Amino acid sequence: MAVLNVAVLVSGRGSNLQALLDRAAVAAGAGFRIALVVSDQPGAAALERAATAGVSAVAIEPEAEERRAAFDARLSLVLERAGVELICLAGFMRILGPGFVDRWRGRLINIHPSLLPAYPGLDTHARVLRDGVRRHGCTVHWVRSEVDAGPVIAQAAVPVRPDDDPASLAARVLAAEHGLYPEVVAAIAAGRLSDTEGVGPGVPAQPTMSSAEKK
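The numbering of the sequence shown is numbering that gives the first Met the number 0, which starts it at 0 and goes up by one.
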């Protein structure tokens, strides 16, 4: 069986990267391998995780006064040379331009810490607590030019507890992310998922928990 070459783009510590590395390493017939890790932060802990796992890793730091399209072109060249077939954004904090997104359409996914379409953007955990939402979670979706707006692939929900603060809620959501992301990548590698605007094999037209529940 062919093995899908996956690149993970990350800006920070890379805990979702680690979940993907672990799945690729220990799961028989996972169907994918982490071929490349890319960070826009040379000091990112994720690069150390990649080195420990024996995975190729590179830092592509934005240059002074560099336009987004120029950075995206450099990034695309590195990905193409590595034979990448699927890109997983995992805490990659740089917004990718429409040219890059269109170039990799159908091969570009992201994980976001909310039940999209609820709470796109930053500070999702604090916003959920402020609004009194009872259920929170994470979403894996196909990437479009609009931030956090692509078709939903899968979601995992977690309860919001009365004594939660942003840190405790973030930890619970992150644990759900670590379970969900590898499952989605394995399903794509097996050919059970494709980018079909949210309707197609394995992609529910109305995903479970597509919006947060209010008290």
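Just so it is clear, CB atoms sit at the ideal spot from N, CA and C, and this is done for glycine as well. Bear in mind that the values here come from a model prediction, so they are computed numbers and not experimental data.
Query, Result
"Ala6 vs Ala34 beta-carbon contact at 8 Å", "yes"
"Limits of the alpha helix (DSSP H) - the one that Gln154 falls within", "Where Gln154 is concerned, there is no enclosing alpha helix (DSSP H), although the beta strand (DSSP E) it sits in stretches over Val151 to Pro158."
"Strand pairing of Ala58, partner residues [DSSP]", "Ser38"
"Residue-chain proximity (Ser113, chain C), Cβ-Cβ < 8 Å", "Absence of chain C from the displayed structure is noted, only one protein chain being present."
"C-beta atoms of Ala23 and Arg12 nearer than 8 Å", "no"
"Closest Cα partner of Val157 within the set Gly53, Leu179, His140 and Pro150", "Leu179"
"Cα-Cα separation between Val9 and Pro161, rounded to whole angstroms", "32 Å"
"Endpoints, the beta strand (DSSP E) within which Ala6 is located", "Leu3 to Leu8"
"Residues of its chain near Arg93, where Cβ-Cβ distance is below 6 Å and the 5 sequence neighbours each way are ignored", "Asp39"
"The region 109-116 contacting the region 173-192, beta-carbon criterion three pairs below 8 Å", "yes"
"Unbroken alpha helix (DSSP H) run spanning Ile187, endpoints", "Pro165 to Ala188"
"Cα-Cα separation, Ala220 to Leu19", "The shown model of the chain, from 0 to 214, leaves out residue 220, and the question about it has no answer."
"Expected contact under 8 Å - CB spacing of Val159 and Leu173 to nearest Å", "About 14 Å separates the two Cβ atoms, so there is no contact after all."
"Test item: CB-CB of His140 and Leu114 under 8 Å", "no"
"Rounded Cβ spacing between Phe99 and Leu74 (contact assumed at less than 8 Å)", "7 Å"
"Inter-residue spacing [alpha-carbon to alpha-carbon] between Ala72 and Ala166", "36 Å"
"Three-state secondary structure (DSSP) of Phe91", "coil"
"Residue environment, Ala43, which counts as buried when at least 16 other CB atoms sit within 10 Å", "buried"
"Reduced DSSP secondary structure (H/G/I, E/B, other) of Gly136", "strand"
"For Asn109, the residue or residues it bridges with in DSSP", "Leu88 and His140"
"Classification of Met101 by the beta-carbon crowding that lies within 10 angstroms, buried from 16 upward", "The residue asked about is misnamed: residue 101 is Asp in this sequence, not Met. With fewer than 16 Cβ atoms within 10 Å of its Cβ, Asp101 is classed as exposed."
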